[in-house]
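See structure below.
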Amino acid sequence: MIIELENINKSYQNNSSSSQIKVLGNISLKIISGDSIAIVGPSGCGKSTLLNILGTLDKPTSGIMMIDNEDISRFNDKKIAEIRNQKIGFVFQLHHLLPQLNLLENVLLPTLIIKDSKLKESAKSRVLELLKFVGLEDKIKQYPGQLSGGECQRTAVVRALINKPEIILADEPTGSLDQESAEQIGELLSKINKEQNVALVLVTHSLELANKMKVIYKLNNGKLIKS
């Protein structure tokens, strides 16, 4: 999978006036399989906005986004949703696990829209494989309230991987964790990137986590600069 941004701009309407607030300006970026990229910068500089555009959760004001050499502006909402579900995994600062579902059920949530029964069945065996990979195979019947913050975040990482994405987008994945759990999540994401060749793009304030990535970009004043 290849994602390319070409001269991406993003502006928002200023609620107190008729002016526009420019968040991103002429950003170009190419991501290929196996890449690991950290995006750092001050709060409010547009890091999460950029990540949301990469994940097709938001649209740029102008510019071109290509996925596998196709301009996604030509796709309808259904096609974009399919790409998002099949090729992109998301990890956020908060794990967003549903408290009424156990660990196994939470991880399987992204597979609910899969219609192919064979794929659904293979997803169940993949869950067990992934939970073993992150050391949670003995907790599949436990609920989020019974898990530590680090265990919940590891579960969220597994959920992001369940549909075999080609890229993981992580927005401050260690921001709500203690130092030990943050280090574990950082090591886990690096391991997934290296061993499964899944591209990884993460937004972080942690220089320790950023330094685990192959490339670091700084976003400031709407501009993306390679460090």
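In our numbering, the protein residues as written are 163 to 389.
Idealized CB from N, CA, C, for every residue including glycine.
Can you tell me whether residue i is buried or exposed, with buried defined as 16 or more other CB within 10 angstroms of its CB?
i, result
"S190", "exposed"
"N325", "buried"
"D230", "exposed"
"G392", "The question about residue 392 has no answer here: the residues shown for the chain are numbered 163 through 389."
"T218", "buried"
"T211", "buried"
"R236", "exposed"
"E232", "exposed"
"S368", "buried"
"G307", "exposed"
"Y379", "buried"
"P335", "buried"
"L290", "exposed"
"T366", "buried"
"E313", "buried"
"K192", "exposed"
Indicate the three-state DSSP secondary structure (helix, strand or coil) for residue i in the structure shown.
i, result
"I347", "helix"
"D239", "helix"
"K356", "helix"
Which partner residues does residue i have in the DSSP bridge list?
i, result
"M227", "L167"
"I193", "I165"
"V377", "I199"
"S173", "K184"
"A361", "I329"
"K385", "N382"
"D220", "For D220, which the question treats as bridged, DSSP gives no partner whatsoever."
"D340", "Looking at the DSSP assignment, D340 forms no beta bridge with any residue, so it has no partner."
"E370", "In the DSSP output, where bridge partners are listed per residue, E370 has none listed."
With residue i and residue j assumed to form a contact (beta carbons below 8 Å), what rounded beta-carbon distance in angstroms separates them?
i, j, result
"R316", "L271", "16 Å between Cβ atoms; not a contact."
"G337", "V185", "Going by Cβ atoms, the distance from G337 to V185 rounds to 20 Å, so no, they are not a contact pair."
"S198", "N355", "5 Å"
"I165", "L216", "6 Å"
"K374", "S352", "5 Å"
"L256", "L331", "Not a contact, Cβ separation roughly 15 Å."
"I170", "G225", "4 Å"
"I302", "L263", "Not really, about 11 Å apart at Cβ, beyond 8 Å."
"D364", "A200", "The amino acid occupying residue 364 in the given sequence is Leu; Asp does not appear at that position. About 6 Å; that satisfies the 8 Å criterion."
"P327", "V360", "7 Å"
*If you scan the stretch 244 to 288 from start to end, which runs of the alpha helix (DSSP H) of 4 or more residues do you find wholly inside it?*
Segments of the alpha helix (DSSP H) lying fully in the stretch 244 to 288: 265 to 270.
*Runs of alpha helix (DSSP H) lying entirely within the stretch 289 to 335, each at least 4 residues, in chain order*: 311 to 323
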